[in-house]
Amino acid sequence: GQQLNQSPQSMFIQEGEDVSMNCTSSSIFNTWLWYKQDPGEGPVLLIALYKAGELTSNGRLTAQFGITRKDSFLNISASIPSDVGIYFCAGVGGLSYNTDKLIFGTGTRLQVFP
Amino acid sequence: GAVVSQHPSWVICKSGTSVKIECRSLDFQATTMFWYRQFPKQSLMLMATSNEGSKATYEQGVEKDKFLINHASLTLSTLTVTSAHPEDSSFYICSAASGRTNQPQHFGDGTRLSIL
Chain A
-5 GQQLNQSPQS MFIQEGEDVS MNCTSSSIFN TWLWYKQDPG EGPVLLIALY KAGELTSNGR
55 LTAQFGITRK DSFLNISASI PSDVGIYFCA GVGGLSYNTD KLIFGTGTRL QVFP
Chain B
4 GAVVSQHPSW VICKSGTSVK IECRSLDFQA TTMFWYRQFP KQSLMLMATS NEGSKATYEQ
64 GVEKDKFLIN HASLTLSTLT VTSAHPEDSS FYICSAASGR TNQPQHFGDG TRLSIL
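Protein sequence lines correspond, in order, to chains A and B. Heads up: the first sequence begins at -5 in this note's numbering, then just goes up one per residue. Heads up: the second sequence begins at 4 in this note's numbering, then just goes up one per residue.
Below is the structure:
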């Protein structure tokens, strides 16, 4: 199935450092979503982006919807141990972001060392 | 709000057994539910989309006779893995969407299926 390219694949950082990850696609998406998944659990929505160029924050997290609609990035500032997990981007190609299917990125595995 | 419950959370069974997984939206009505499969260290791959009262739409490469989906009510969808084999062992995750404006999909906690 179709997937979005996400980078980096994994990150090992020290507590307090900032993190940046991005997602690219050859196709245009109308909505970009960022999720975090802990081991053995389902993904939890972090940030939703609905318009090209949109920049949205949620606490220490900031995400942007690329102007070309083919990419998005997620930044985490001042990382803490509980940020550990796998981060996925997801794109929605259709106009209905709440009923159309999601295409998931390949994931970024984040490890934070104290 | 927007809680999606999956049951069971873990299943271990013998090869050839059929396994049913339930996905319930506890505090909202889900017009659309999605079923994903996730192999270890991989991303989520959509298997099928189901709308209440109609047949599910399967993604390319997913056998509809192998993975039976029923969305009989606005709060319940079931996935039945028929005659499961070891290669069907995976993490199965559902999500539910209310169809309301500004309400994205909400995911269940997944079901780990292990076929011996």
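Here a beta-carbon is modelled for each residue, glycine too, at the ideal position from N, C-alpha and C.
I believe V7 (chain B) touches C26 (chain B) by the beta-carbon criterion, under 8 angstroms. Please report the beta-carbon distance rounded to the nearest angstrom.
For this step, residue 7 (chain B) is matched to residue 4 along the second sequence. For this step, residue 26 (chain B) is matched to residue 23 along the second sequence. Between C26 (chain B) and V7 (chain B) the Cβ distance is about 7 angstroms, and since that is below 8 angstroms, they are a contact.
Determine the DSSP secondary structure at D91 (chain B), reduced to helix, strand or coil.
Within the second sequence, the letter at position 88 stands for residue 91 (chain B). Note: D91 (chain B) maps to helix in three-state DSSP.
Start-to-end residues for the beta strand (DSSP E) that takes in T114 (chain B)
The count along the second sequence starts at 1 and reaches residue 114 (chain B) at position 111. Start and end: 114 to 118.
Which chain B residues are close to P37 (chain A), counting only those with a beta carbon under 8 angstroms from its beta carbon?
Counting from 1 along the first sequence, the entry for residue 37 (chain A) is found at position 43. Residues of chain B passing the Cβ test: L47, I96, F110.
Using beta-carbon positions only, say whether I7 (chain A) and L104 (chain A) come within less than 9 angstroms of one another.
In the first sequence, counting from the first residue as 1, residue 7 (chain A) sits at position 13. In the first sequence, counting from the first residue as 1, residue 104 (chain A) sits at position 110. In contact: I7 (chain A) and L104 (chain A) (Cβ atoms closer than 9 angstroms).
Chain B within 9 angstroms of L96 (chain A), Cβ atoms only
Numbered from its first residue, the first sequence carries residue 96 (chain A) at position 102. Closer than 9 angstroms to some Cβ of chain B, the Cβ of L96 (chain A) qualifies, so yes.
Cβ neighbours of T114 (chain B) in the same chain (closer than 8 angstroms, five flanking residues each side left out):
Walking along the second sequence from the start, residue 114 (chain B) turns up at place 111. So the qualifying residues of the chain are Q9, H10, P11, S12, W13, V14, I24, F94, Y95, I96.
I want to verify the contact list: residues of chain B whose CB lies under 7 angstroms from the CB of T100 (chain A), in sequence order.
Taking the first residue of the first sequence as position 1, residue 100 (chain A) is located at position 106. Here the neighbours are S46.
8 angstroms Cβ shell around F70 (chain B) - same chain, five flanking residues per side excluded
Sequence index remark: in the second sequence, residue 70 (chain B) carries index 67 (1-based). Contacts found: W38, M50, A51, Y61, L82, T83, V84, T85.
Starting from R103 (chain A), trace the beta strand (DSSP E) both ways and give me its first and last residue.
For this step, residue 103 (chain A) is matched to residue 109 along the first sequence. Where R103 (chain A) is concerned, the enclosing beta strand (DSSP E) stretches over 102 to 107.
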